[in-house]
Structures are given as structure tokens and as C-alpha cells.
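These protein sequences, in sequence, are chains B and R.
The letter at position 79 of the first sequence is residue 81 when you use the numbering used here, and the numbering goes up by one with no holes.
The letter at position 4 of the second sequence is residue 6 when you use the numbering used here, and the numbering goes up by one with no holes.
Protein chains: 2
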Amino acid sequence: MPRSTRRRPALTHPATEDIDLFDVLHALSDPTRMTIVSVLRAEAERPCGTFPVDVAPSTLSHHFKVLRESGLIIQREEANRRISALRTVDLEHRFPGLLDSVLAAYVRGVEERAVTA
Amino acid sequence: MPRSTRRRPALTHPATEDIDLFDVLHALSDPTRMTIVSVLRAEAERPCGTFPVDVAPSTLSHHFKVLRESGLIIQREEANRRISALRTVDLEHRFPGLLDSVLAAYVRGVEERAVTA
Chain B
3 MPRSTRRRPA LTHPATEDID LFDVLHALSD PTRMTIVSVL RAEAERPCGT FPVDVAPSTL
63 SHHFKVLRES GLIIQREEAN RRISALRTVD LEHRFPGLLD SVLAAYVRGV EERAVTA
Chain R
3 MPRSTRRRPA LTHPATEDID LFDVLHALSD PTRMTIVSVL RAEAERPCGT FPVDVAPSTL
63 SHHFKVLRES GLIIQREEAN RRISALRTVD LEHRFPGLLD SVLAAYVRGV EERAVTA
């Protein structure tokens, strides 16, 4: 059995039509997960360990699982890396305008904190 | 001491500038709380016990607390009733367009379920 098959369970993702609004809102209600989403909004895709977040690997792994199972991101294995991408098209199809307005509110908050810091 | 003062603690609400995006998203990530918000979107205000939700009174009380502390609703006492209203202007000032896009996504989901039911 190849080592990669033994080490990692298959990654599951909800179908576009099964993406649930409450799961998405819950996934976005955490600062670490929102940071990941906002980084992926600006980039096509990115390996899991390279996000500008300061949490333990097991915590980060949990956050990626929440994001993947909510339908916000898609992940694939590539060699020893797990690559993440935002499901922008699926999300826009399912909830038009939602992600943009949430991210705009987030960016606005980040800018406010920068001004008052 | 009047009975009403003894029975109920003062209701606290965050200032508009202290409304936190993650608290708002968390508050909206629950179907019962979303139902309350969507009803209040259509009405000026409403007494707590009159919402079309099927949960125990203690659970409902918790949901109203989460909504109030997140800044989504304002509550006031009137005789023996607690009246709730959506903080539409405050929310629009804080996160322009956010509530509309979340509620639009919610209504869309409700309509989809009605079609497939």
C-alpha cells in the first residue's frame, strides 16, 4: 500500500447544492478561518502550512476541516502538501454576493483596527 | 422595590462601533436565530413569545441573548413583555449590505426547501 494512501483519509466535500448557509456562516464566524478565506480570495490556491495564522497545527487542521466541510474551500493532495482553494464559483452560484459582503465587512474591520492601533 | 426591577436584570447592548463581525456571523449561524432576524426584518418590533419558532422557553431566551449581545437586536421591557427590534440602521452603518445579503441567501434557501418539499 502506498504510504500516502495509508496516511491520509480521502477528502470529502459537499456538492454545491448541499452547501448549507448556516455551516458557511459558522465557518466564517472565527477569525482564523476568516483569515484563511480572505487569503484564498486573493490567490488561486495555497498549501495549508503557509497561511499567516498563529495557531497550533492540530487547531489549524480542525479549521481547515470546518472550512472544507462547510463548502467554503476545496482541498487536494499534491505530493506531501495539501492545497486549498476557495470555492468561489460554487459559493457565488449558491449564495450570490454573500462572500463578497462578508469579506468586505471583514476588510473594513481590519482597516479600522489598523487606524486605531 | 417594584416587582419588575427585582425580576429582570438590565438589558445591555453593544455600542454600534463595538458590534463585532464574528459575533454577528455566529449569531446568524443558527436556524432559530435566523428565523427571528428574518421576522424582525419585516416588522418594526415584536414581543419575544410571538415568534414562529419551536424551541423551549429557556432555549429561546438564550437565542435572544446571543442576538442582543451580538448587536443584531435591541430589546426593551414594556409591562410584562420584552420587545425586540432589529438594529437595522446600526448594522447597515457598521457592515453595509451584510444583513441584506445574508437574509437574501436565507430566503433563497427557504424557497428552495419549499420547492423540493
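Each residue gets a CB set at the ideal place from its N, CA and C atoms; glycine is no exception.
query, result
"With C-beta atoms as the reference, is residue 35(R) less than 8 Å away from residue 41(R)?", "no"
"Do you know how far the Cα of residue 82(B) is from the Cα of residue 5(B)?", "Bear in mind that the predicted position of residue 5(B) carries a pLDDT of just 49, short of 50, making it unreliable; the figure below should be weighed with that in mind. Cα-Cα distance, rounded: 10 Å."
"Pull up the DSSP beta-bridge partners for residue 58(B), would you.", "None, per the DSSP bridge assignment."
"Since residue 87(B) is in the beta strand (DSSP E), which residue starts that stretch and which ends it?", "83-88"
"If you draw a straight line from the alpha carbon of residue 77(B) to that of residue 18(B), how long is it in whole angstroms?", "15 Å"
"What is the rounded straight-line gap between the Cα of residue 3(B) and the Cα of residue 103(B)?", "Here residue 3(B) scores only 45 on pLDDT, less than 50, and its place in the model is too uncertain to base an answer on."
"Should residue 70(B) go down as buried or exposed, given a rule of 16 or more other Cβ atoms within 10 Å for buried?", "buried"
"So which residues of chain B does residue 33(R) contact, with C-beta pairs closer than 8 Å?", "24"
"Less than 8 Å between CB atoms is the rule here; does residue 97(R) satisfy it with respect to chain B?", "yes"
"Do the region 60-70 of chain B and the region 93-108 of chain B make contact, defined as three or more Cβ pairs closer than 8 Å?", "no"
"Report yes or no: is there a C-beta of chain B within less than 8 Å of the C-beta of residue 107(R)?", "yes"
"Contact check, residue 25(B) vs residue 72(B) under 8 Å by CB: the rounded distance?", "4 Å"
"Return helix, strand or coil for residue 6(R), following the three-state DSSP convention.", "Residue placement at residue 6(R) is flagged as unreliable, the pLDDT there being 49, under the threshold of 50; a coordinate-derived value is accordingly withheld."
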